[in-house]
Amino acid sequence: MSQLRSMVHRLIGEAQDELFGKLMVVTDEGGVPSINWDNTVNQLSETKVGWSFLDDERNKFSAHKEWWLFEQLYQEQALREQFLDDDGLLKPGAGEAYQRHVEQFLELLLILIHLCAGQPSCATEILGLRWKNTANGGVQNVIIENRLVGLVGQYHKGYRSSGNIKIIH
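Letter by letter, the sequence shown follows residues 276 to 444 in the numbering used here.
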């Protein structure tokens, strides 16, 4: 059991390094915009395509959700040098390298969800998780409530015959 616990701690550390060091590109936790989890609201009955708790006007964030990283790029000299050429254009290969870090982070997150989020899900359940509503997938099933993150998988067996998706609680 201690080996499993150690492995999970290593995976969490790796995921944090990817998220903060490679994706958000911050050197300390003070550089990350804060989230007021105590007052975060998630309107689960909203079905509009593209909707997530980030869009709810009651949720106040210290940084503009869509532009924070872009703003960091122009405020931090080291980031400009890493991603932009002398003309202010994206360096060749910089986007691909960033995307590789996105994929690495998502792989680590997938492993951690599989190991730590209750009963392991089937591939269709875990790969069908959505943090926002989509046109083809339906409503979000990564939910925020009472400072907790919930993953609500959908069970598809028998869907073709019944037409009903069963929610797993």
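We put the CB at the ideal spot given by N, CA and C, even for glycine.
Looking at the DSSP output, G413 bridges to T409. Note that the C-beta distance between L387 and V283 is below 9 Å. With a cutoff of 9 Å on beta-carbon distance, T409 and G325 are scored as near each other. Secondary structure at G425: strand, using DSSP grouped into helix, strand and coil. Our two residues, L359 and L294, have alpha carbons roughly 20 Å apart in a direct line.
Per DSSP, Q394 is not a residue of any alpha helix (DSSP H), being assigned neither H nor E.
When DSSP assignments are scanned along the stretch 326 to 369, the uninterrupted stretches of alpha helix (DSSP H) that are 4 or more residues long and fall wholly within it turn out to be 343 to 350 and 352 to 358. Excluding residues up to 5 positions away in sequence, L426 lie with their Cβ nearer than 6 Å to the Cβ of A392 in the same chain. Pairing V301 with G403, the inter-Cα distance amounts to about 30 Å. Considering only D330, W312, L354 and E341, the residue with the shortest C-alpha distance to L319 is D330. A buried status is given to N416, since no fewer than 16 other beta-carbon atoms sit within 10 Å of its beta-carbon.
The three-state reading of DSSP puts E321 in coil, since its state is none of H, G, I, E or B. When rounded, the separation of the alpha-carbon atoms in I401 and L364 is 37 Å. Per DSSP, the unbroken alpha helix (DSSP H) holding E289 starts and ends at S277 to Q291.
According to the DSSP secondary-structure assignment, I310 is paired through a beta bridge with F336.
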